[in-house]
């Protein structure tokens, strides 16, 4: 499998604190069957003040150690880019990382961002010649039960990603992810999802769940669809080709 949304670099955001935690998290992902991971540490200055230089330096340590430890593992550089006006300038001047030096960039918004701001923001990114991959579309209130809005974003040229944990079945009681799981299922049933990724942060509350999610998608939507969502589509984008 290929995971294009992950927080595996230590001491840069709300992911792992130490390189040992980074390697343990990567090890669990590897155990689940992931063989390519794009590291997408947060780029959001209001929450994380980490410099690009430190993120890249720590990334290099993690990449070297992990690829030496796990056979056939590839770790690539990217970022989860929080949308604001400053991001447009950084993208234009190549100061914000795209996905593994491709034309694609993982873009996120706040849960409460209005529809118009999401639409206008992604339009601005596209005008720069960057193709957005919209991070965890199930988290945005403005897209809930709005097939037409998500389809409009796709028709503009965007791609969509949902988190593996939100593919899992809701628990009967106390499931804080219930609303996100319901939305993710809606988007899957409407065939509005291009990629399922882990958005993994740690082995506690935010582990990968890629194997369980793929099993569910295979059972409910078939093996061909599962391959596309967990491997094929991501592989094509990493080759810097449109789907």
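In UniProt numbering, the protein residues as written are 1 to 243.
C-beta atoms are modelled at their ideal positions from N, C-alpha and C, and glycine is treated no differently.
In the structure shown, the three-state DSSP call for residue 53 is helix.
Bridge pairing for residue 43: 81 [DSSP]. Take the alpha-carbon of residue 110 and the one of residue 160: they are about 16 Å apart.
For residue 6, the enclosing beta strand (DSSP E) starts and ends at 2 to 6.
For residue 227, the enclosing alpha helix (DSSP H) has its first and last residue at 223 to 227. In the three-state DSSP reduction, residue 105 falls in the strand class (E or B). Assigned with DSSP and collapsed to three states, residue 74 falls in strand. Within the model, the alpha-carbon separation for residue 241 versus residue 173 is close to 43 Å.
Within the same chain, Cβ atoms closer than 7 Å to the Cβ of residue 201 are found at 7, 14, 15, the five residues on either side in sequence being excluded. Contact check for residue 135 and residue 114: beta-carbon distance about 17 Å, past the 8 Å limit, so the pair fails to qualify. Bridge pairing for residue 200: 6 [DSSP].
With respect to the 8 Å criterion, residue 26 and residue 37 are classified as neighbours on the basis of their beta carbons. According to DSSP, residue pairing for residue 163 in a beta bridge involves 197. Of the candidates 182, 117, 147, 133, 133 places its Cα closest to the Cα of residue 195. Rounded to whole angstroms, the gap between the alpha carbons of residue 226 and residue 217 is 6 Å.
8 Å or more divides the Cβ of residue 106 from the Cβ of residue 50.
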